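In full-length UniProt numbering, the protein residues as written are 1 to 196.
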């Protein structure tokens, strides 16, 4: 983690295709129990999202889903409640990045599967959907205060940016929302919920 953090801090401008791997390392670190590991990984992830996304989002767009997944893992590490809330705040910051640059998702068909996705739907498939889905995972996995915050941010994102969603995207969004309610119906032993 320290090596990756050092690389990001000193050579971010030179990293082209390694962002997925960087977020994979930080995703693993996010669930660790060692404070120093989690803290360093989170600080570096936060720097990427708050500083580097502004300058290099185009080069990093292929790793956006990995970044969001990484943040949801930080949000669910019960040993670090302050980081949980901060991770959810960073997910909200990611929503700003998606909203500010939907054309980048449309233009940038970096993944093999993207050619099958219509250009106008790529911002949904690679931007909004992973972001909203990760918040729903936090709602279904974490303790009450984190769940509540994630649900609030999920609905704030929908209220703020939902008018830019295509009508057929709403079907996917409702599946995400209904999944949250379906999970509440399950008996306690079948869920990952720490408390309800």
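Here a beta-carbon is modelled for each residue, glycine too, at the ideal position from N, C-alpha and C.
Predicted model only: the values in this text are computed from it and were never measured.
Worksheet item: Quick one: Cα of residue 196 to Cα of residue 157, how far?
Response: Residue confidence for residue 196 is low, a pLDDT of 47 falling below 50, so the modelled location carries little weight and cannot support an answer.
Worksheet item: Does DSSP classify residue 193 as helix, strand or coil?
Response: With a pLDDT of only 49 at residue 193, under the threshold of 50, the placement of this residue in the model should not be trusted; the figure read from the coordinates follows. Residue state, collapsed to three classes: coil.
Fill in: Host alpha helix (DSSP H) of residue 107 (start-end)
Its alpha helix (DSSP H) spans residues 102-107.
Item to complete: Return the residue from the list 162, 86, 183 and 106 that minimises the CA-CA distance to residue 39.
Response: 86
Discussion item. Taking the straight line between their C-alpha atoms, what separation do you get for residue 19 and residue 26?
Written reply: 11 angstroms
Worksheet item: Can you list, in chain order, the residues of its chain whose CB lies under 6 angstroms from that of residue 52, leaving out five sequence neighbours each side?
Response: 12
Practice prompt. Go ahead and label residue 137 buried or exposed: buried means 16 or more other beta carbons lie within 10 angstroms of its beta carbon, across all protein chains shown.
Written response: buried
Item to complete: With DSSP collapsed to three states, give me the class of residue 14.
Response: helix
Fill in: Status (buried if at least 16 other CB within 10 Å, exposed otherwise) for residue 82
By the Cβ-count criterion, residue 82 is exposed, with fewer than 16 other Cβ atoms from all chains shown falling within 10 Å of its own Cβ.
Worksheet item: With a Cβ-Cβ cutoff of 9 angstroms, do residue 45 and residue 64 count as a contact?
Response: no
Discussion item. Give me the residue from 41, 128, 182 and 147 with the minimum Cα distance to residue 169.
Written reply: 128
Worksheet item: Are the Cβ atoms of residue 67 and residue 48 separated by less than 9 angstroms?
Response: yes
Worksheet item: From the beta carbon of residue 156, is the nearest beta carbon of chain C less than 9 angstroms away?
Response: Here there is only one protein chain, and chain C is not present.
Discussion item. Counting C-beta neighbours from all protein chains within 10 Å, is the total for residue 135 16 or more, i.e. buried, or is it exposed?
Written reply: buried
Worksheet item: With a CB to CB cut of under 8 angstroms and the five nearest residues on each side skipped, what residues in its chain are close to residue 43?
Response: 5
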